[in-house]
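Peer 1: Throughout the sequence shown, residue numbering follows the working numbering, covering 262 to 784 in sequence.
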Amino acid sequence: MSRPGSHAEVGGARAALRAVLLLLVAWLVLAAPGRAQGEETVRDFRKFYREAKTTAERVEYVLSLEKIESTGVVDVLVPVLKSEEPDVVRAAIRVLAGFKTLEPVDALVKTAESDKTESVRLGILQAIGQGRYTSAAPALLAMLPDKSWDVRRRAVEALGAFKDAAHGPAIAALCVDPEPAVRGSALDALALLKSELVIAPAISSLADPIWQVRASAIGALAKVRRQESIEPLINRLAVEEGRLRMDIGLALDEITGKTLGDRHEMWQQFWSSYKDRFKIPTDAELAKLRQQQKETREKYKPSGPQTTYHGIDSPSRSILFVIDVSGSMENLVVEKERFQDGGYPSMMRIDIVKVELARTIERLEPYVKFNILAFGTDVKPWKKELVPANVLNRTAGKDWALKLEPLGGSSKQDLASVGLTGAANLEAGKTNTWGALSWALGIAGRGAKDKNYAVAVDTVFFLSDGRPSHGDYVDPEDILREFRAANKLRKVVLHTIAIGEFQKDFMKRLAEENGGVFVDLGR
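Structure (structure tokens):
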């Protein structure tokens, strides 16, 4: 056996060092062509990007930089983050979020620290969060007091994405930020971390004047299940109204395992009897309890009056009905037996839809606020904003709904065939799904999406019979992505109703990804 420091041991260490050096040299030799090719691609981008004529071309140019591990990619894409074209900016963020090595990530972080342009910092923060660049944490922490609320919000979201409990105290400090979006994002981030630090600010935020912040607080307490949350939630149940009342019932259900819905008196009786000895079930115990309740547990039903449209119940008091009036809505339903007892004037899709809408409006409670939006190629709201469902507005709303007609349908083809294209109005009958959804979220024609997040509507019923065919976004995946991103701060529940023969996965996902229910009325 050789002694420490013997010739044999020293020789072994030298051999190991030589092996490491040989591997390093080999890696450098193999990587050199790739790095050289990458730098050449960056040079070509600098040379030709400005010559791109369309948004699609610019997106392709940007995406050509993917998988290039170079600080040069950071240099050329930072100016792109200032673009007025969302698709181009999104492509740049995607590339910047894809680095696997530290050098370009460090360059990205340094740029975020030095460049004070808000659009640049917001883009970099999104890339850091999506790329899970944990080495950027010190820079993100330094941005939490930034004067821009959107920078603070994006920094909080990125820190939350790291899922590091050590960042909890810094995030918790922003739960009292003057900007509601930052308060809500901080609560959401702490809930994602499953941090107990969320409990106190979430309880305080149950009385926040902005309903989106209250929604975040309720959701956080449901995710971070603690005994001290029960009584404040029960107390809030006594004063909350509409959709959030249901959310509180579900949160209490999630914390305790009890299925008392939003019945304040029952929760009060339960807590008065058991508060001194009740222990909330562990996650494992709750899962077992849910399995036992699987057969007997009833579907959640709000205790008070609710709005029902095509079988979807909602306790919301701020509702928007979005109705497709594109050309295909004049088609007859195929499965007529499903609708034969409805008392409709015909089996046209539009007649079924508008009669049911009129019936729903007639049943609205006076304290509900509502609006209607019809869409084909363009969108046409009944009112500029939500109105109370008093007798006058219900009457006017029903009248407007019953006068809805399909635009530019197949019945207009005869007019077009003899040259009366204006009368046929075929161009008006396309399906501008994104236009309707963006109006519903309050972002249509209003510039930067995230600055208009405090919308009054909290629930949307969206009915359509066709695939998107017109608008800024037509591909279903693009619409899903854009709506999900825009709705992150708005927290609107989206219920979807499909009628017709098109593939309905898109409508189903729209509802599932935004807290809603999907109903298929059939063909």
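Yeah, the Cβ is synthetic: ideal placement off N, Cα and C, and Gly gets one too.
Predicted model only: the values in this text are computed from it and were never measured.
1. Rank ARG624, ARG304, PHE767 by C-alpha distance to the C-alpha of VAL652 and give the top, closest one.
2. Where DSSP assigns a beta bridge to ASP781, which residues make up the other side?
3. Check whether the stretch 398 to 416 touches the stretch 438 to 449, counting contact only when three or more Cβ pairs, one atom from each stretch, lie closer than 8 angstroms.
4. Alpha carbon to alpha carbon, what distance is there between SER699 and GLN674?
5. For LYS752, does the three-state DSSP call read helix, strand or coil?
6. With distances taken between CB atoms, is the gap from ALA433 to PRO406 smaller than 8 angstroms?
7. Going by DSSP, which residues form a beta bridge with THR569?
8. Would you identify the three-state DSSP class for ALA635, choosing helix, strand or coil?
9. Do SER564 and THR720 have their beta-carbon atoms positioned less than 8 angstroms apart in this structure?
10. Just to confirm the assignment, what range does the alpha helix (DSSP H) spanning LEU248 have?
11. Straight-line CA distance for ILE613 to TYR714?
12. With a floor of 4 residues, list each alpha helix (DSSP H) that falls wholly inside the stretch 344 to 431, ordered by position along the chain.
13. With distances taken from CA atoms, which of PHE360, LEU369, GLU379, ALA403 is nearest GLY392?
14. With DSSP collapsed to three states, give me the class of VAL474.
15. State the DSSP-derived secondary structure class of ASP219, mapped to helix, strand or coil.
16. If the criterion is Cβ atoms closer than 8 angstroms, does the pair GLY518 and GLY510 meet it?
17. Quick check on DSSP: helix, strand or coil for ALA293?
18. Would you mind sorting ARG414 into buried or exposed? The rule is 16 or more other CB atoms within 10 Å of its CB.
19. Exposed or buried, what is TYR628 when buried is set at 16 or more other beta-carbons lying within 10 Å of its beta-carbon?
20. So, using beta-carbon positions, are LYS424 and LEU454 closer together than 8 angstroms?
21. Could you name the residues of the same chain whose beta carbon sits closer than 7 angstroms to that of PRO659, not counting the 5 residues immediately before and after it, in chain order?
22. Buried or exposed for THR568, going by 16 or more other Cβ atoms inside 10 Å?
23. Report, in whole angstroms, the separation of the C-beta atoms of PHE722 and TYR605, which I expect to be a contact under 8 angstroms.
24. Please state whether the Cβ-Cβ distance between GLY696 and VAL640 is less than 8 angstroms.
25. Could you name the residues of the same chain whose beta carbon sits closer than 7 angstroms to that of SER490, not counting the 5 residues immediately before and after it, in chain order?
26. Use the C-beta contact count for TYR535: other C-beta atoms within 10 angstroms, 16 or more gives buried, fewer gives exposed.
27. Do SER730 and ASP585 have their beta-carbon atoms positioned less than 8 angstroms apart in this structure?
28. Using C-beta distances below 8 angstroms, list every residue in its chain close to ASP438, excluding the 5 sequence neighbours before and after it, in chain order.
29. Can you tell which of VAL337, THR315, ALA759, ALA313 has its C-alpha closest to the C-alpha of VAL303?
30. Do you know whose CA, among ASN592, VAL753, VAL335, lies nearest GLU364's CA?
31. Return the Cβ separation of LEU402 and ALA388 in integer angstroms, given the expectation that the two are a contact with Cβ distance under 8 angstroms.
32. Going by CA-CA distance only, name the one from PRO566, ALA397, LEU741 that's closest to GLY503.
33. Looking at the unbroken beta strand (DSSP E) that takes in PHE723, where does it start and where does it end?
34. Within 8 angstroms, do at least three Cβ pairs link the stretch 591 to 601 to the stretch 546 to 557?
35. Could you check the C-alpha separation between MET590 and TYR394 for me, to the nearest Å?
36. Mind checking which residues open and close the beta strand (DSSP E) that includes PRO642?
Peer 2: With the given structure in hand:
1. ARG624
2. ALA759
3. Yes: at least three Cβ pairs fall under 8 angstroms.
4. Its pLDDT being 47, under 50, GLN674 is placed unreliably by the model, and the measurement read from it follows with that caveat. Roughly 30 angstroms between the two C-alpha positions.
5. coil
6. no
7. Answer is ASP574, bridged to THR569.
8. Assignment of ALA635 by DSSP, reduced to helix, strand and coil, places it in the strand class.
9. no
10. The question about residue 248 has no answer, for the chain in this structure spans 262 to 784.
11. 33 angstroms
12. 347 to 357, 363 to 375, 379 to 392, 398 to 404, 410 to 423
13. PHE360
14. Residue state, collapsed to three classes: helix.
15. Residue 219 lies beyond the residue range present for the chain, which begins at 262 and ends at 784; the question has no answer from this structure.
16. no
17. Reliability of the predicted coordinates at ALA293 is poor, the pLDDT of 48 falling under 50, and the value obtained from them is presented with this limitation in mind. Reduced to three states, the DSSP call for ALA293 is helix.
18. It is buried - the Cβ of ARG414 has at least 16 other Cβ atoms within 10 Å.
19. Classification of TYR628: exposed, given that the 10 Å Cβ count is below 16.
20. Yes, they are a contact pair.
21. A small fix is needed here, since residue 659 is Lys in this sequence, not Pro. Hits under 7 angstroms: ALA619, ILE622, GLU623.
22. buried
23. Separation of the CB atoms of PHE722 and TYR605 is rounded to 19 angstroms, and the pair is thereby denied contact status at 8 angstroms.
24. yes
25. ILE460, ILE464, LEU482, ILE516
26. exposed
27. no
28. Excluding positions up to five away in sequence, the list reads TRP410, ARG413, ARG444, ALA447.
29. VAL337
30. VAL335
31. About 17 angstroms separates the two Cβ atoms, so there is no contact after all.
32. PRO566
33. Taken as a continuous stretch (DSSP letters only), the beta strand (DSSP E) holding PHE723 covers 720 to 725.
34. no
35. 48 angstroms
36. 640 to 642
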